[in-house]
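Undergrad:
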Amino acid sequence: MARVVVDVMLKPEILDPQGQAVQRALPRLGFEGIADVRQGKRFELEVDGPVDEAALARIHDLAESFLANTVIEDFTVRVDEVAEAAK
66 MARVVVDVML KPEILDPQGQ AVQRALPRLG FEGIADVRQG KRFELEVDGP VDEAALARIH
126 DLAESFLANT VIEDFTVRVD EVAEAAK
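Counting from 1 along the sequence shown, just add 65 to a position and that's the residue number in my numbering.
1. Using the three-state DSSP reduction, which class does G105 fall into: helix, strand or coil?
2. Helix, strand or coil for V142 per DSSP?
3. Look up L94 in the DSSP assignment and say whether it is helix, strand or coil.
4. Since I124 contacts V71 with CB under 8 Å, what's their CB separation in whole angstroms?
5. Got a sec, what are the start and stop residues for the alpha helix (DSSP H) A119 sits in?
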């Protein structure tokens with residue numbers, strides 16, 4: 066079984082109120098020097114069988130149609146190399 070990770074982030078031109086709230090709180094918590102914070106989502110998918118180009122294409126379609134709102138979000142699909150190395 067392999068793990069594929071889909072990371073979803075708001076597009077750079079979209080305001081990120083959650084990221085801004087975290088950024089404003091950091092100095093009060095003693096964390097200085099953070100210029101910007103963007104908040105996103107991470108999906109970890111356990112895949113039966115090999116993760117070949119066809120499997121990655123299916124997961125890309127899944128992410129595009131279900132996991133991300135592509136009007137306001139970008140996404141990446143990648144094989145989790147750490148999980149693969151642990152096998």
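A virtual CB, placed ideally from N, CA and C, is assigned to each residue, including glycine.
Remember, predicted model here, so these are calculated numbers, not experimental data.
TA: Judging by the given coordinates:
1. Here residue 105 corresponds to residue number 40 of the sequence shown, with the count starting at 1. G105 falls in the strand class under three-state DSSP.
2. Within the sequence shown, the letter at position 77 stands for residue 142. Residue state for V142 is assigned as strand, using DSSP reduced to three classes.
3. By one-based count along the sequence shown, residue 94 stands at place 29. Judged by DSSP in its simplified three-state form, L94 adopts coil rather than helix or strand.
4. Residue mapping note: residue 124 aligns to position 59 of the sequence shown, counting from 1. Residue mapping note: residue 71 aligns to position 6 of the sequence shown, counting from 1. So it is a contact: roughly 7 Å between Cβ atoms.
5. Numbered from its first residue, the sequence shown carries residue 119 at position 54. Counted as a single uninterrupted DSSP element, the alpha helix (DSSP H) harbouring A119 occupies residues 118 to 127.
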